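For the sequence shown, position 70 (counting from the first letter as 1) is numbered 69 according to numbering that gives the first Met the number 0, and the numbering increases by one without interruption.
Notes follow once the structure below has been shown.
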Amino acid sequence: MTFLENANYDWMDLLDFQKRPFRAKFVPAKVWNDLDRYKNDDVGLSNYVKKWRTRVVWSREKSKSKFYKANVSVGGEYDPEIRQCVLEIYTHRFNKFYFTKKSWRKFKFKLIQAQMHELIHFMQYDKRSDEWSNYVVPYKKIGHPRKDAERKYLSEFDEIQAYANCILLDYKFYKPKVAVSDLLARSKCKLKRDSNTFQYILKTFDYDGRNNHAIKKIIKQVGRWEKKYEKTIRASKRPK
């Protein structure tokens, strides 16, 4: 059983909303099982996530490459103007895509992970009355516009907090038998490939983990998220 399959509690309780934005609970274990109803059903899946103020965008026009004929990818964003999460699913043809047991599990994980990422942004905006944080940790520019912009993006604290949750979920999903503290404590940053999310961030900063402020903040936030999960799990197991 994976971490998400066992997460039988309302994940929204981990977020510090001033006021809960919708009545629906987000119980990862239930979502994991519910998604099986919507394999190869784009309409059903789109309707299912509406309960969390989420809209699905099917990016078929961008999905004509060979990669998307063999894979389904998930991205997301948060729209503060209408207080809505957006899940962008890149697929050549979702309704006829052949999912193996492994690829379907991976898709469900990526969708839940992306949904959580955007709900964290929802919470961040909610706490600041729909304003994006201007807190950006120091980062080194290299004179390449695209890469400097990406470094700035990943140095924004709001993204650090959201991506830290993604990294923790990567570890829990792909390395469930290894302690997260052990994975984070590895001496060489290039070895942190147990998380595709962390690998992407490290690559953006040229694997300069020890001397990079964003990496240090991310590692700290991963630890904070883990403590939140542990506290919630203990509370969910107490007799009522």
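Glycine included, every Cβ here is placed at the ideal spot set by N, Cα and C.
In this text, all values refer to a predicted model and were calculated from it rather than measured experimentally.
Note down, in chain order, each residue of its chain lying with its Cβ closer than 6 Å to the Cβ of residue i, except the 5 sequence neighbours on either side.
{"i": "Lys-189", "result": "At Lys-189 the pLDDT is 44, less than 50, meaning the model places this residue with poor confidence; the figure from the coordinates comes in the next sentence. Within the same chain, Lys-189 has close Cβ partners Tyr-206."}
{"i": "Lys-216", "result": "Val-136 and Ile-159"}
Kindly indicate which three-state DSSP category residue i falls into: helix, strand or coil?
{"i": "Leu-86", "result": "strand"}
{"i": "Ser-72", "result": "strand"}
{"i": "Glu-158", "result": "helix"}
{"i": "Tyr-97", "result": "coil"}
{"i": "Lys-18", "result": "coil"}
{"i": "Asn-5", "result": "helix"}
{"i": "Lys-109", "result": "helix"}
{"i": "Tyr-67", "result": "helix"}
{"i": "His-143", "result": "coil"}
{"i": "Lys-24", "result": "coil"}
{"i": "Ser-45", "result": "helix"}
{"i": "Phe-121", "result": "helix"}
{"i": "Val-177", "result": "coil"}
Here's a check: name, in chain order, each residue in its chain whose Cβ is nearer than 8 Å to the Cβ of residue i, leaving out the five neighbours to either side.
{"i": "Tyr-77", "result": "Gln-83, Cys-84, Val-85, Glu-117, His-120, Phe-121 and Tyr-124"}
{"i": "Val-26", "result": "Ala-6, Asn-7, Tyr-8, Asp-9 and Trp-10"}
{"i": "Pro-20", "result": "Arg-52, Arg-82, Phe-121 and Asp-125"}
Could you please give me the residues that DSSP links to residue i through a beta bridge?
{"i": "Arg-54", "result": "Val-85"}
{"i": "Ser-77", "result": "The residue you asked about is not Ser; residue 77 is Tyr in the sequence shown. Beta-bridge pairing links Tyr-77 to Cys-84."}
{"i": "Val-135", "result": "Glu-155"}
In its own chain, which residues sit with a C-beta less than 7 Å from the C-beta of residue i, not counting the 5 before and 5 after it?
{"i": "Thr-1", "result": "Phe-172 and Pro-175"}
When you compare the CB of residue i with every CB in chain D, is at least one pair closer than 8 Å?
{"i": "Val-71", "result": "The structure shown contains no chain D; it holds only a single protein chain."}
* Asked: Three or more C-beta pairs closer than 8 Å, one from the stretch 39-50 and one from the stretch 87-101: is that the case here?
  -> Contact annotation: the stretch 39-50 touches the stretch 87-101, with at least three C-beta pairs closer than 8 Å.
* Three or more beta-carbon pairs under 8 Å between the stretch 220-231 and the stretch 165-179, yes or no? -> Because the criterion of three Cβ pairs below 8 Å is met, the stretch 220-231 and the stretch 165-179 touch.
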